[in-house]
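Asks:
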Amino acid sequence: MSIDLPNPVTPAQIDAAATLLDAGQLVAFPTETVYGLGGDAANPEAVARIYAAKGRPANHPVIVHLPPGGDPGYWAADLPADARALIDAFWPGPLTLILKRHARIPDAVSGGQDSVGLRCPSHPVAQALLAAFSARRGGHGGVAAPSANRFGHVSPTTAQHVRDEFGDTVHVLDGGASEVGIESTILDLSRGFPALLRPGHVTPQQIADVLGRAPRLPDGGDATAPRASGTLKAHYAPRTPLALLPFDALEPLLAA
């Protein structure tokens with residue numbers, strides 16, 4: 001697969017980063033949403049390094065990132081028609097799908113649950129890294145990657161944010177500023193119906209347009225919903241009123 005890399009990232013840097021992942025080490029890399037702290041999703045020791053670096057609770061799952069053309073069926077026990085339709089519509093892009101986890105997937109990835117979160121990012125650096133790593137795994141490589149910040153801190157949208165957080169302890173691929181700037185939308189398909197677990201750039205209406213029905217929205221009272229990355233109270237307040245404004249409208253509001 002040929003991918004145009006933004007300066008200053010080179011194919012040699014991608015190969016070096018894939019080598020680190022292959023050795024069980026961590027690599028921070030850009031996606032269109034935020035920067036991720038990545039490790040080999042099939043290597044429990046690498047996943048444990050992610051949790052240790054972030055100070056993340058062990059029962060809080062991480063998302064597995066796949067390259068374009070990657071096989072979600074390798075990671076999921078079942079790939080329902082809704083999942084295939086959404087993959088066709090939004091991958092590569094900022095939509096994570098929660099599916100029943102295949103038995104081969106380490107418990108650490110899912111926080112001990114029977115589900116797994118899968119996403120295919122659209123950032124060219126992420127795609128190149130994921131493709132290079134997956135090729136080393138016979139086309140079945142996946143990278144577990146929550147946001148590249150310590151647990152509870154603000155998610156990074158530049159390489160410098162990651163360096164400010166981790167210093168020289170983590171290898172960082174600098175792909176410029178993330179375009180979206182918030183984490184991916186998370187949609188649960190593991191229980192036979194679509195349910196929004198985390199709001200993001202892909203909206204409920206866009207999902208409904210593809211599926212022909214609206215997803216259930218988070219109400220805080222669904223005890224059967226799987227835990228999902230970035231959904232603790234410190235991350236989002238989806239029931240708080242939100243106004244989207246153009247940048248030039250902010251200055252007079254801040255001055256008021």
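Those letters in the sequence shown? Residues 1 to 256, by full-length UniProt numbering. Don't be surprised by glycine CBs; every beta carbon is placed ideally from N, CA and C.
Is the region 98-115 touching the region 32-50 in the sense that three or more CB pairs, one from each, lie closer than 8 Å?
Replies: Cβ pair count under 8 Å is three or more, so yes.
Asks: Starting from Arg49, trace the alpha helix (DSSP H) in both directions and tell me its first and last residue.
Replies: Arg49 -> alpha helix (DSSP H) spans 44-54.
Asks: Looking at Glu183 and Pro94, is the spacing between their C-beta atoms short of 9 Å?
Replies: Yes, the pair counts as a contact, with Cβ atoms nearer than the cut-off.
Asks: For Leu20, I'd like the list of residues in its chain whose CB is within less than 7 Å of its CB, leaving aside the five on either flank, ordered along the chain.
Replies: Excluding sequence neighbours, Leu20 sits near Val27, His171.
Asks: Taking 8 Å as the limit between beta carbons, can you name the residues of its chain near Ala92, skipping five residues before and five after?
Replies: Reading the sequence as shown, one finds Pro at residue 92 and not Ala. Excluding positions up to five away in sequence, the list reads Pro68, Cys120, Pro121, Ser122, Gln127.
Asks: So if DSSP puts Ala195 in a beta bridge, which residue, or which two residues, is it bridged to?
Replies: Paired residues: Asp188, Arg216.
Asks: Would you identify the three-state DSSP class for Arg101, choosing helix, strand or coil?
Replies: Correct three-state label for Arg101: strand.
Asks: Would you grab the beta carbon distance between Pro124 and Leu5 for me? Rounded to a whole angstrom, and I think it's under 8 Å.
Replies: The pair is a contact, with the Cβ atoms about 6 Å apart (cut-off 8 Å).
Asks: Let me know the secondary structure DSSP gives Ala28 once reduced to three states.
Replies: Strand, per DSSP.
Asks: How long is the line joining the alpha carbons of Arg150 and Leu187, rounded to whole angstroms?
Replies: Computed Cα separation, rounded: 24 Å.
Asks: Counting C-beta neighbours from all protein chains within 10 Å, is the total for Arg198 16 or more, i.e. buried, or is it exposed?
Replies: With 16 or more other Cβ atoms within 10 Å, it is buried.
Asks: Leaving out the 5 sequence neighbours to the left and right, which residues in its chain are closer than 6 Å to Ala159 when beta-carbon positions are compared?
Replies: Excluding positions up to five away in sequence, the list reads Val172, Asp174.
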